[in-house]
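Worksheet: one structure, shown below.
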Amino acid sequence: MTAFTAELTGDQEVISALTERVTADLVDCGIDAHAVHHMALVLDELLTNVAVHGGAGNAGVSVHLTVSSDRVTAEVVDGGKMFDPRVEFLGRRRTAPDRRVGIVAGASGHGRSRL
Amino acid sequence: MSGRANAIERPFRSAGRRQKRVEEVEMELIEEIHGRVVLVKARGRLDGTTSAAFSARMEKLTAAPQPRLVVDFSGVDFVSSAGLRVVLTLLKRVKAASGVLALCAVQAPVREVLDITGFTGMLDLHQGRAEAMAALA
Chain A
142 MTAFTAELTG
152 DQEVISALTE
162 RVTADLVDCG
172 IDAHAVHHMA
182 LVLDELLTNV
192 AVHGGAGNAG
202 VSVHLTVSSD
212 RVTAEVVDGG
222 KMFDPRVEFL
232 GRRRTAPDRR
242 VGIVAGASGH
252 GRSRL
Chain B
81 MSGRANAIER
91 PFRSAGRRQK
101 RVEEVEMELI
111 EEIHGRVVLV
121 KARGRLDGTT
131 SAAFSARMEK
141 LTAAPQPRLV
151 VDFSGVDFVS
161 SAGLRVVLTL
171 LKRVKAASGV
181 LALCAVQAPV
191 REVLDITGFT
201 GMLDLHQGRA
211 EAMAALA
């Protein structure tokens with residue numbers, strides 16, 4: 142079931158308010174407090190990165206949480222600009238793009254993360 | 081400023097709960113002087129929104145030589161990497177001034193963050209306020 146859907150800008154206060162609301166809503170759904178805290182932390186860090194490094198302050202971000210019997214899934218889609226820090230700081234890409242956290246990046250420049 | 085104004089005009093959509101205004105996100109800091117020790121009771125979130133104000137307040141409280149500061153974290157339920165950064169800055173500042181910084185009554189979820197990030201090994205942590213005050217007195 143869908144527990145939470147939000148569209149927001151990358152403003153820091155909005156991010157704080159969002160993670161507080163996610164926490165309250167997931168607790169209301171009966172999710173373990175420890176897991177809820179982890180989800181709030183990941184969302185806060187991810188959205189802060191989008192705002193600070195993705196330049197998405199005004200580009201908009203959507204957050205969609207789904208609660209199932211054995212997991213909570215969060216999908217974050219942002220309109221921030223993409224960049225590869227290995228290219229920026231090292232001058233060239235040394236390894237293949239990192240997909241371990243399930244980040245799906247499209248050629249359009251939008252980022253999509255599933256947690 | 082356009083981002084913030086935009087956010088207020090577009091409140092979050094969430095079924096069945098009261099809309100939370102962005103202005104409600106804040107951190108409360110209450111300070112007490114106990115001899116040569118300054119005790120700060122913190123309440124709320126220490127994150128990207130509140131970390132700058134927290135840092136500025138702590139900077140004032142540690143301006144004297146050899147500052148002795150206890151921060152009671154019993155009311156702090158969330159610390160992000162932005163919060164960790166200002167705690168580290170505070171620790172460096174206090175140490176550079178030959179002072180002492182102690183944290184006490186850290187909630188379990190926040191303690192987990194301190195453990196994972198290695199902050200536990202750098203900080204002087206105490207179970208309760210009384211122990212921290214006694215250690216720094």
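Keeping their order, the protein sequence lines are chains A and B.
The numbering used here numbers the first residue of the first sequence as 142 and each following residue consecutively.
The numbering used here numbers the first residue of the second sequence as 81 and each following residue consecutively.
We treat Cβ as the ideally placed atom computed from N, Cα and C, and that holds for glycine.
The C-alpha of Ala165 of chain A is placed about 17 Å away from the C-alpha of Arg212 of chain A.
The Cβ atoms of Val186 of chain B and Leu126 of chain B lie no closer than 9 Å to each other.
With a 10 Å radius around the Cβ and a threshold of 16 neighbouring Cβ atoms, Gln207 of chain B comes out exposed. Rounded to the nearest whole angstrom, the C-alpha separation of Gly128 of chain B and Gln153 of chain A is 6 Å. Here the alpha carbons of Ser154 of chain B and Asp219 of chain A stand approximately 35 Å from one another.
Under the three-pair Cβ rule at 8 Å, the segment 170-178 of chain A does not count as touching the segment 137-153 of chain B.
In the three-state DSSP reduction, Gly155 of chain B falls in the strand class (E or B). Interface residue (Cβ-Cβ distance to chain B less than 9 Å): Ile156 of chain A is classified as such. Partner residues in a beta bridge of Cys170 of chain A, as assigned by DSSP, do not exist. Three or more Cβ pairs closer than 8 Å define a contact, and the segment 186-203 of chain B falls short of that threshold against the segment 183-196 of chain A. In the DSSP annotation of this structure, Gly163 of chain B is not part of any beta strand (DSSP E); the continuous alpha helix (DSSP H) holding it starts and ends at Ser161 to Ala176. In this structure, Leu216 of chain B lies away from Val120 of chain B, with their beta-carbon atoms at least 9 Å apart. Glu161 of chain A counts as buried, since at least 16 other C-beta atoms from the protein chains shown sit within 10 angstroms of its C-beta.
Under the criterion of beta carbons closer than 8 Å, Val202 of chain A and Leu188 of chain A qualify as touching, at roughly 6 Å.
Here the alpha carbon of Gly198 of chain B sits roughly 19 Å from the alpha carbon of Arg173 of chain B.
Residue pairing by DSSP puts Phe145 of chain A in a beta bridge opposite A:Leu206. Here Thr169 of chain B has Ser135 as same chain residues with Cβ atoms under 8 Å from its own Cβ, once five neighbours each way along the sequence are excluded. Within the same chain, no residue comes within 6 Å of Glu186 of chain A by CB-CB distance, once the 5 residues on both sides are set aside. A direct Cα-Cα distance of roughly 34 Å separates Leu183 of chain B from Val204 of chain A. For Asp195 of chain B, the uninterrupted alpha helix (DSSP H) run begins and ends at Ala188 to Thr197, by DSSP.
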